[in-house]
Each structure stands twice: as structure tokens, then as C-alpha cells.
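Trainee: The structure follows.
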Amino acid sequence: SWTPEAFVDMTVSELKEKIGDDKVVLGLSGGVDSSVAAVLLHKAIGKNLYCIFVNNGLLRKDEFESVLDQYKDMGLNVKGVDASARFLDALAGVSDPEGKRKKIGNAFIEVFDDEAHQIQDVKFLAQGTIYPDVIESVSATGGPSATIKSHHNVGGLPDFMKLKIVEPLRALFKDEVRRVGAELGIAKELLGRHPFPGPGLAIRILGDVTAEKVRVLQEVDAIFINGLKEWMLYDKVWQAGAILLPVNSVGVMGDERTYEKVVALRAVESTDGMTADWVNLPYEFLQKISNTIINKVKGVNRVVYDISSKPPATIEWE
Ligand code: XMP
Numbered sequence: 193s194w195t196p197e198a199f200v201d202m203t204v205s206e207l208k209e210k211i212g213d214d215k216v217v218l219g220l221s222g223g224v225d226s227s228v229a230a231v232l233l234h235k236a237i238g239k240n241l242y243c244i245f246v247n248n249g250l251l252r253k254d255e256f257e258s259v260l261d262q263y264k265d266m267g268l269n270v271k272g273v274d275a276s277a278r279f280l281d282a283l284a285g286v287s288d289p290e291g292k293r294k295k296i297g298n299a300f301i302e303v304f305d306d307e308a309h310q311i312q313d314v315k316f317l318a319q320g321t322i323y324p325d326v327i328e329s330v331s332a333t334g335g336p337s338a339t340i341k342s343h344h345n346v347g348g349l350p351d352f353m354k355l356k357i358v359e360p361l362r363a364l365f366k367d368e369v370r371r372v373g374a375e376l377g378i379a380k381e382l383l384g385r386h387p388f389p390g391p392g393l394a395i396r397i398l399g400d401v402t403a404e405k406v407r408v409l410q411e412v413d414a415i416f417i418n419g420l421k422e423w424m425l426y427d428k429v430w431q432a433g434a435i436l437l438p439v440n441s442v443g444v445m446g447d448e449r450t451y452e453k454v455v456a457l458r459a460v461e462s463t464d465g466m467t468a469d470w471v472n473l474p475y476e477f478l479q480k481i482s483n484t485i486i487n488k489v490k491g492v493n494r495v496v497y498d499i500s501s502k503p504p505a506t507i508e509w510e
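Take the sequence shown: its position 25, counted from the start at 1, is 217 in UniProt numbering, and no numbers get skipped.
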């Protein structure tokens, strides 16, 4: 029967055999799959694994710095690339959800290609593809592994796509990936992270994306996610986040009338993201979070909670 120990032993020796003394480049996303793939490869080939972690400026608050530090603590040979400005420029004036995904996917490919070029004689591209990615072609773009799949037929391949592909997690389901990660000694906190879409906060800002909107949403999202952790609700939820709506609503503060943004909170239970139910979060929690958001985040005067299930709603609003 399948065990994480046996999988790690077998895969490490297969990777050693396949790769030898060659160099491998891998895009880290901060998510479970790419992180486990990286640690597994690192165990097999050490410093010949070159990891690239791109900040697209659309990550959660402080995530780039904290995740980069975690990767370094794990001994990975990782280069953090802050390309926030490039992604925000590419997104300027784009409101259409698929348009945003395309811009982000293309910007990612450009940045990754530039970086991969700086590694001499790299022979392999590693990806954290897992079995569900292989069987379903979900609407996944914008992340390290996902982007490459959905754009590889656009013609004029970037050079890194001409590399030989290594996908050590290709046969595994998500729970098996987590078990392999635990076997490799990856922190529980990292392995238990909620899924986060490659295009990040861009698809949780309805309408066009600006640096200021990203900042507001990062603040709101951090209050919500930290609250879930403090209230021991984080692990009971499959995915959670906040959405910045493109409308203003009237409010009142002291004697003043306000006319400010509305945010929606979303938390779902799911096993694979294909179907999902909204989570019945305690009213006391929602009350606390709503007050904190409205008091602390300038520019937001109303919080709503999304009580739609998938289908027919989707998890994301875009
Ligand atoms: P939906 O909104 O389709 O989301 O119910 C299902 C799962 O997929 C994630 N998602 C994405 N992930 N690129 C990604 O890498 C994308 O463009 C994308 N769109 C949705 C979503 O966060 C949820 O986990």
C-alpha cells in the first residue's frame, strides 16, 4: 500500500537518476504543491534546484516576505523577484476577469523567462502539478504551474518551456501531497494553507485593479484570515477570502455621512473546489470581524457575507 515514506524514497532516487548533475528551475507560488515539489527535489539534487518566487503584487498582506523567509529557512535555493509594479502596470484599466487572467499569466511568463535565463545551462523545468491538474483542465491561470499549461499553445514559446519537464507529484492527490510534505518535515502551517488563486487579489477586486485597491483588500483580508486563525476556525474552512466590490454605499460616522466601499467575505467548505458550500461561521465572529474591518480599514463602511453555494455560484466572484 502507498505510504509517504516509500513515495519519498522511491521518488528521490528516481529524480537523482533522471536529473543527474543537471540544473532544474522551479516556480514557487507559496502554495502546498509547489512547496512540496521543491523540497522533494531539493532532497534529491540539493543546490542544483533553482527556485524562483515571484511577487506579482497581488498576494496576501506581507505574504511575499514571510513565505520567502520560510523557504529560505527550509534550505531552498530560492530567488525572490518583486515584479509587483510590472503586474500592476499590465493590469491598468483592465476590468474583464479573463482579461485580467491573461495579463497576469503573460506577465508571469515574461518574468519567469527572464529569471530562468539567468541560470546557466538549466536543463529541466519542475512543476508542482498534481493528479487532479492532470485529469481536469480547470480555469487555472496565473500561477507557476497553471500558467504554463494554459498558455503553451499561444505560439512563440518562451525558452523555459523548451526545457524538459519534471513533475514529481503528478500521480498524487492533495491529501497525499500533504502527507508527503509532512514526511519531508514541512511546517504544518504551510501544509494546511488554504488554496489561493494564481491571479491572486486581482480577481477579488471587481472592476479594474489599482495599487490602492490592493492595499485596502490586503488589510481587509488579513483581518478576516487572522480572525479565523484566532477563533480556531481556519482549519475548518477549505478556502476563505474577501472581495472588494466596485460600489460605494452610504454610511454614517459621527455627524458625517460617508460614501465608501463595500467588501464581501467568503468562506467555503469543499473537498476539491468543484462544489462548495458556504460556511456557517458564528455570528459573534462575523460581528467582531465586521466591526474591526469597518473601524480599521479606511475607505470601507460596509461588510456583507456571501451565502451562496457552488454551483450555481462559483467560489471566486470573477
Ligand atoms: P471557482 O471560482 O471556479 O474556483 O469556483 C475554484 C477554485 O479554483 C481557484 N481559482 C483559480 N486558481 N487560477 C488559479 O490558480 C485561476 O484563474 C483561478 N480561478 C479560480 C479558486 O480560488 C478556487 O480554489
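From the three backbone atoms N, C-alpha and C, an ideal C-beta is built for every residue, glycine too.
Identify the continuous alpha helix (DSSP H) that holds Asp261 and give its terminal residues.
Mentor: Position 69 of the sequence shown holds residue 261. Taken as a continuous stretch (DSSP letters only), the alpha helix (DSSP H) holding Asp261 covers Glu255 to Asp265.
Trainee: How many Å lie between Asn440 and Glu307 at the Cα?
Mentor: As a position in the sequence shown, residue 440 is number 248, starting the count at 1. As a position in the sequence shown, residue 307 is number 115, starting the count at 1. Roughly 41 Å between the two C-alpha positions.
Trainee: Whole angstroms is fine: what's the gap from Lys380's alpha carbon to Val489's?
Mentor: Taking the sequence shown and counting its residues from 1, the one referred to as residue 380 is at position 188. Taking the sequence shown and counting its residues from 1, the one referred to as residue 489 is at position 297. The alpha-carbon atoms of Lys380 and Val489 are separated by roughly 30 Å.
Trainee: Looking at C-beta atoms only, is the number of pairs between the stretch 266-274 and the stretch 426-438 that lie closer than 8 Å three or more?
Mentor: no
Trainee: What three-state label does DSSP hand Asp325 in the structure shown?
Mentor: Your numbering for residue 325 matches position 133 in the sequence shown. Looking at Asp325 - three-state DSSP - the assignment turns out to be helix.
Trainee: With hydrogens ignored, establish whether the beta-carbon of Pro324 is closer than 7 Å to any heavy atom of the ligand XMP.
Mentor: Stepping through the sequence shown from its first residue, residue 324 is reached at position 132. It does not: the Cβ of Pro324 is nowhere closer than 7 Å to a heavy atom of the ligand XMP.
Trainee: Among all the DSSP beta bridges, which residues are the ones paired with Asn271?
Mentor: One-based indexing of the sequence shown puts residue 271 at position 79. It should be pointed out that residue 271 corresponds to Lys in this sequence rather than to Asn. BP columns for Lys271 point to Ile244.
Trainee: Just the Cα atoms here: how many angstroms apart are Thr195 and Pro324?
Mentor: Start at 1 with the first residue of the sequence shown, and residue 195 comes out as number 3. Start at 1 with the first residue of the sequence shown, and residue 324 comes out as number 132. Whole-angstrom Cα-Cα distance: 19 Å.
Trainee: Quick one, which of Val444, Gly433, Ser482 and Tyr263 has its alpha-carbon nearest Trp509's?
Mentor: To locate residue 509, count along the sequence shown from 1; it is residue 317. Cα-wise, what sits closest to Trp509 is Gly433.
Trainee: Taking only runs of the beta strand (DSSP E) that begin and end inside the stretch 339-414, which ones reach a length of at least 3 residues, in chain order?
Mentor: 356-358
Trainee: Regarding Pro360 and the ligand XMP, is the C-beta to nearest heavy atom distance less than 7 Å?
Mentor: Locating residue 360 in the sequence shown gives position 168, counting from the first residue. Checking every heavy atom of the ligand XMP against the Cβ of Pro360, none is found closer than 7 Å.
Trainee: To the nearest angstrom, how far is the alpha carbon of Ala394 from that of Val406?
Mentor: Start at 1 with the first residue of the sequence shown, and residue 394 comes out as number 202. Start at 1 with the first residue of the sequence shown, and residue 406 comes out as number 214. When rounded, the distance between both Cα atoms is 8 Å.
Trainee: Can you tell me whether Gln431 is buried or exposed, with buried defined as 16 or more other CB within 10 angstroms of its CB?
Mentor: Position 239 of the sequence shown, counted from the first residue, corresponds to residue 431. Buried is the call here.
Trainee: Less than 6 Å between C-beta atoms, sequence neighbours within five positions excluded: which residues of the same chain meet that for Thr467?
Mentor: Along the sequence shown, read from residue 1 onward, the residue named residue 467 stands at position 275. Only Lys502 meet the Cβ criterion.
Trainee: Below 8 Å, can you find three or more Cβ-Cβ pairs linking the stretch 244-256 to the stretch 410-423?
Mentor: yes
Trainee: So Leu220 is in the beta strand (DSSP E); what residue range does that whole segment cover?
Mentor: As a working mapping, residue 220 is identified with position 28 in the sequence shown. Under the DSSP assignment, Leu220 falls in the beta strand (DSSP E) whose first and last residues are Lys215 to Leu220.
Trainee: Any chance the CB of Thr321 is under 7 Å from a heavy atom of the ligand XMP?
Mentor: Along the sequence shown, read from residue 1 onward, the residue named residue 321 stands at position 129. No, Cβ of Thr321 sits at least 7 Å from all heavy atoms of the ligand XMP.
Trainee: Measure the beta-carbon distance from Leu232 to Val204 and round it to whole angstroms, keeping in mind my assumption that it falls under 8 Å.
Mentor: One-based indexing of the sequence shown puts residue 232 at position 40. One-based indexing of the sequence shown puts residue 204 at position 12. So it is a contact: roughly 7 Å between Cβ atoms.
Trainee: Quick check on Ser331: buried or exposed, where buried means 16 or more other Cβ atoms within 10 Å of its Cβ?
Mentor: Within the sequence shown, residue 331 is the residue found at index 139, counting from 1. Summary for Ser331: the model assigns pLDDT 43, below 50, so the residue's position carries little reliability, and this model does not support an answer.
Trainee: What residue does the beta strand (DSSP E) around Leu457 start on, and which one ends it?
Mentor: For the purposes of this step, residue 457 is taken as the residue at position 265 of the sequence shown. Looking at the DSSP string, the run of the beta strand (DSSP E) that includes Leu457 is Glu448 to Glu461.
Trainee: Taking a contact to mean a Cβ-Cβ separation below 8 Å, would you say Lys292 touches Leu355 in this structure?
Mentor: As a working mapping, residue 292 is identified with position 100 in the sequence shown. As a working mapping, residue 355 is identified with position 163 in the sequence shown. Not in contact: Lys292 and Leu355 (Cβ atoms no closer than 8 Å).
Trainee: Buried or exposed, going by whether 16 or more other CB atoms sit within 10 Å of the CB of Gln319?
Mentor: Numbered from 1 along the sequence shown, position 127 holds the residue referred to as residue 319. With 16 or more other Cβ atoms within 10 Å, it is buried.
Trainee: The ligand XMP heavy atoms versus the CB of Glu508: any closer than 7 Å?
Mentor: For the purposes of this step, residue 508 is taken as the residue at position 316 of the sequence shown. Glu508: yes, Cβ under 7 Å from the ligand XMP.
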